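Undergrad:
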Amino acid sequence: MCVNIPHENNSSAPNTSHLYYTHSWLPLHLKVDLMKDGHVNVKKLQPTEVDKVDPKDDEAVLQSVLYNLSAVVCYVNDPQHHERRNLVALINVTPEYHERFVGSPVNQWYIFNDFSISPVSAQEVVWFSLDWKVPCVLYWTNHHFPATAVPPLHNPLTMAVFGEDECLARNSGRRLITFTPLTLDEMPGKGDIVAMDAEFVTLNQEEAELRSDGKMSTIKPSHMSVARITQGPMKGSPFIDDYISTQEQVVDYLTKFSGIKPGDLDANFSSKHLTTLKSTYLKLRFLVDIGVKFVGHGLKNDFR
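Numbering follows the numbering used here, with no gaps: position 227 of the sequence shown is 229.
#1: Taking H299 as the reference, which of A200, L289, D244 and A229 has the closest Cα?
#2: Run through the region 119-144 for me and flag every whole beta strand (DSSP E) of 3 or more residues, listed as ranges in chain order.
#3: Helix, strand or coil: how does DSSP classify D243 here?
#4: Give the straight-line distance between the Cα atoms of N270 and I246, rounded to the nearest whole angstrom.
#5: How is the beta strand (DSSP E) around F296 delimited, first residue to last?
#6: Can you tell me which of the three DSSP states S281 falls into?
#7: Assuming V5 contacts L140 (C-beta within less than 8 Å), just tell me the rounded distance between them.
#8: Quick check on this structure: which residue in D215, D39, E250 and S260 has the alpha carbon closest to the alpha carbon of R230?
#9: Taking DSSP's pairing of strands, which residues face V75 in a bridge?
#10: In this structure, how does DSSP classify E201 when only helix, strand and coil are distinguished?
#11: For the beta strand (DSSP E) holding L30, just list the boundary residues, first then last.
#12: Alpha carbon to alpha carbon, what distance is there between M198 and P326?
#13: Could you tell me whether the region 65-82 touches the region 24-42, using the rule of 3 or more Cβ pairs below 8 Å?
#14: Which word fits M123, buried or exposed, when buried means at least 16 other C-beta atoms lie within 10 angstroms of its C-beta?
#15: Who does D187 pair with in a DSSP beta bridge?
#16: For D35, which residues in the same chain have their Cβ closer than 6 Å to its Cβ, ignoring the five residues on either side in sequence?
#17: Straight-line CA distance for V127 to K258?
#18: Quick one: measure Cβ to Cβ for V203 and S227, integer angstroms, because I've assumed they're closer than 8 Å.
#19: Please decide whether P97 counts as near chain D, where near means a Cβ-Cβ distance under 8 Å.
#20: By how many angstroms is the C-alpha of D39 removed from the C-alpha of F114?
#21: Counting C-beta neighbours from all protein chains within 10 Å, is the total for N157 16 or more, i.e. buried, or is it exposed?
#22: What does the Cβ neighbour count give for I179, buried or exposed, with the cut at 16 atoms within 10 Å?
#23: Write down the C-beta distance between K285 and I242 rounded to the nearest angstrom, noting that I regard them as a contact closer than 8 Å.
#24: My output table needs one value for A229: the three-state DSSP class, helix, strand or coil.
#25: Assuming V252 is part of the beta strand (DSSP E), what are its boundary residues?
#26: Note down the Cα distance separating L301 from V196, rounded to an integer number of angstroms.
#27: Taking C-beta to C-beta, are V90 and N109 nearer than 8 Å?
#28: Between the alpha carbons of W111 and G216, how many angstroms are there, rounded?
#29: I'd like to check one pair, F147 with P137: are the Cβ atoms closer than 8 Å?
#30: Hey, how far is the Cα of L47 from the Cα of E61?
#31: Does the separation of the CB atoms of V52 and H145 fall below 8 Å?
#32: Compare the C-alpha of D187 against each of A162, T143, F181 and E85 and name the closest.
Printed below as a string of structure tokens:
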């Protein structure tokens, strides 16, 4: 069951966020009854009541369904900085998809905020402050939805992603091959160690202002774009050396650190193995899914 919540941006409306500080109006559990007279009753349930509900207790009920809140999509806004606004998803990951390292499989709520994924409590999921955290979409799932109804997960990515990659550079016939493609029997597997390095270029410079206390304050951070991904288990010879094509204007190639020069990312002039960000991402995704262990400096920033 999905509910879309309309929201009207009315800056003149009174601030009512204090109404949501101590409790939440959003139920984690719902009981929906279809009555014999055609009416529909919706009742909020406490977690302790879910397993005690018996639809046969009320003869006026034709059909009764229990629902559990399974996902919430929220709009997050910073009133002081209008450019800082985005959508976040809070999802209850079920035992079929999630298993803790210690103990038996359990349900766990997570917040998905861009590249950041963090566990949260159920109380935080249903807590809203309408001046900055607004619910947009609410998902409830049938409490008796069978686990067998969840199809098994199959990774759609195979080793074929390495062979499907095509060079975009028009000068590819004159380029030097800077990597050694792997054969099928050389492909790394679970637990194998693969070195990785990523280089970036700057699309927009950082914007900062000098505060009254003499310190610099960042107004808008610089916009970095990945430009080169190199990987390999062999000494001095990578099996991936992708230059990422970009259509945006590059402000700084950071050549001193990246080694990337003007023209390297342009399909009209590049002599490198130029490809798309999606193509390189699929290769990385495949290696992550099969359990490869990455080593390198700045991996946290590279994967971000």
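Even glycine gets a Cβ: it sits at the ideal position worked out from N, Cα and C.
Predicted, not measured: the structure shown is a model, and the values here were computed from it.
TA: In short, the structure shows the following:
#1: Nearest of A200, L289, D244 and A229 to H299, Cα basis: A200.
#2: For the region 119-144, whole beta strand (DSSP E) runs of length 3 or above, ordered along the chain, are 135-144.
#3: If DSSP states are grouped into helix, strand and coil, D243 belongs with the strands.
#4: I246 has its alpha-carbon roughly 14 Å from the corresponding atom of N270.
#5: F296 -> beta strand (DSSP E) spans K295 to V297.
#6: It is helical.
#7: Contact flag correct, Cβ pair sits at about 4 Å.
#8: Nearest C-alpha to R230: S260.
#9: Residue pairing by DSSP puts V75 in a beta bridge opposite A91 and V139.
#10: DSSP places E201 in strand when its eight states are reduced to three.
#11: Counting along the chain, L30 falls outside any beta strand (DSSP E), and DSSP gives it neither H nor E.
#12: For residue 326 there is no data in the structure shown, the boundaries of the chain being 3 and 306.
#13: Touching, yes, given that three or more Cβ pairs across the two stretches are closer than 8 Å.
#14: Residue 123 is actually Ser in this sequence, not Met. Looking at its Cβ environment, which holds fewer than 16 other Cβ atoms inside 10 Å, S123 is exposed.
#15: Answer by DSSP bridge pairing: none, since D187 is not bridged.
#16: Apart from the 5 residues on each side of it in sequence, D35 sits with its Cβ closer than 6 Å to the Cβ of N43, V63 and S66 in its chain, given in chain order.
#17: Between the C-alpha atoms of V127 and K258 there is a straight-line separation of about 46 Å.
#18: Indeed, because the Cβ distance is near 6 Å, the residues count as touching under 8 Å.
#19: Judged by its chain identifiers, the structure shown contains no chain D, having just a single protein chain.
#20: Spanning the two alpha carbons is a distance of roughly 43 Å.
#21: By the Cβ neighbour-count rule, N157 is exposed, with fewer than 16 other Cβ atoms within 10 Å of its own.
#22: By the 10 Å Cβ count, I179 comes out exposed.
#23: That belief holds up - the Cβ atoms of K285 and I242 are roughly 6 Å apart, short of 8 Å.
#24: Here A229 sits in strand by DSSP.
#25: Element bounds for V252: n/a, residue is neither H nor E.
#26: In a straight line, the C-alpha of L301 is about 12 Å away from that of V196.
#27: Taking the C-beta atoms as reference points, N109 is found no nearer than 8 Å to V90.
#28: C-alpha separation (whole angstroms): 43 Å.
#29: No, they are not a contact pair.
#30: Distance between L47 and E61, taken at the CA atoms: about 20 Å.
#31: With contacts defined by Cβ atoms closer than 8 Å, V52 and H145 form a contacting pair.
#32: Per the Cα distances, A162.
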